[in-house]
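Peer 1: My structure is below; once you've seen it, I'll send some questions.
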Amino acid sequence: MNNHHGFTEKKPKTKIVCTLGPASRSVPMIEKLLMAGMNVARFNFSHGSHAYHQETLDNLRSAMVNTGVLCAVMLDTK
Numbered sequence: 021m022n023n024h025h026g027f028t029e030k031k032p033k034t035k036i037v038c039t040l041g042p043a044s045r046s047v048p049m050i051e052k053l054l055m056a057g058m059n060v061a062r063f064n065f066s067h068g069s070h071a072y073h074q075e076t077l078d079n080l081r082s083a084m085v086n087t088g089v090l091c092a093v094m095l096d097t098k
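Right, dumping it as structure tokens:
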């Protein structure tokens with residue numbers, strides 16, 4: 021798509037990846053991260069239980085609904 025200067029506009033190819041952990045897994049904090057540009061949420065499966073990660077994922081989903089910002093999920097396994 022060309023802009024008014026005749027240059028082709030492209031979507032950014034970079035991603036902002038944030039690891040969600042104890043200090044960054046609450047809904048309000050995730051909302052702040054989404055509004056600041058986070059577009060990939062990283063889960064470190066080396067730490068935490070399945071229930072812990074499920075709660076974090078639920079918080080991410082709530083934050084995405086609240087902000088209207090979509091975010092990919094990246095799982096870093098052991």
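Just so we're aligned, residue 21 is where the sequence shown starts under this note's numbering, counting upward by one.
All residues carry an ideal CB built from backbone N, CA and C; glycine is no exception.
As the structure is a computational prediction, the values presented were derived from the model and not from experiment.
(1) Secondary structure at residue 45, three-state DSSP: helix, strand or coil?
(2) Considering Cα atoms alone, identify which of 69, 76 and 95 is closest to residue 50.
(3) Would you mind sorting residue 63 into buried or exposed? The rule is 16 or more other CB atoms within 10 Å of its CB.
(4) So, are the CB atoms of residue 45 and residue 79 less than 8 Å apart?
(5) Judging by CA-CA distance, which residue of 93, 33 and 71 is the nearest neighbour of residue 81?
Peer 2: So, to answer that:
(1) Reading the sequence shown from its first residue, position 25 is the one you call residue 45. In this structure, residue 45 counts as coil in the three-state DSSP scheme.
(2) Numbered from its first residue, the sequence shown carries residue 50 at position 30. For the options 69, 76 and 95, the alpha carbon positioned closest to that of residue 50 is the one of 76.
(3) On the sequence shown, position 43 is the one that residue 63 refers to. With 16 or more Cβ atoms within 10 Å of its Cβ, residue 63 is classed as buried.
(4) To locate residue 45, count along the sequence shown from 1; it is residue 25. To locate residue 79, count along the sequence shown from 1; it is residue 59. A distance below 8 Å separates the beta carbons of residue 45 and residue 79.
(5) Translated into positions along the sequence shown, residue 81 becomes position 61. Per the Cα distances, 93.
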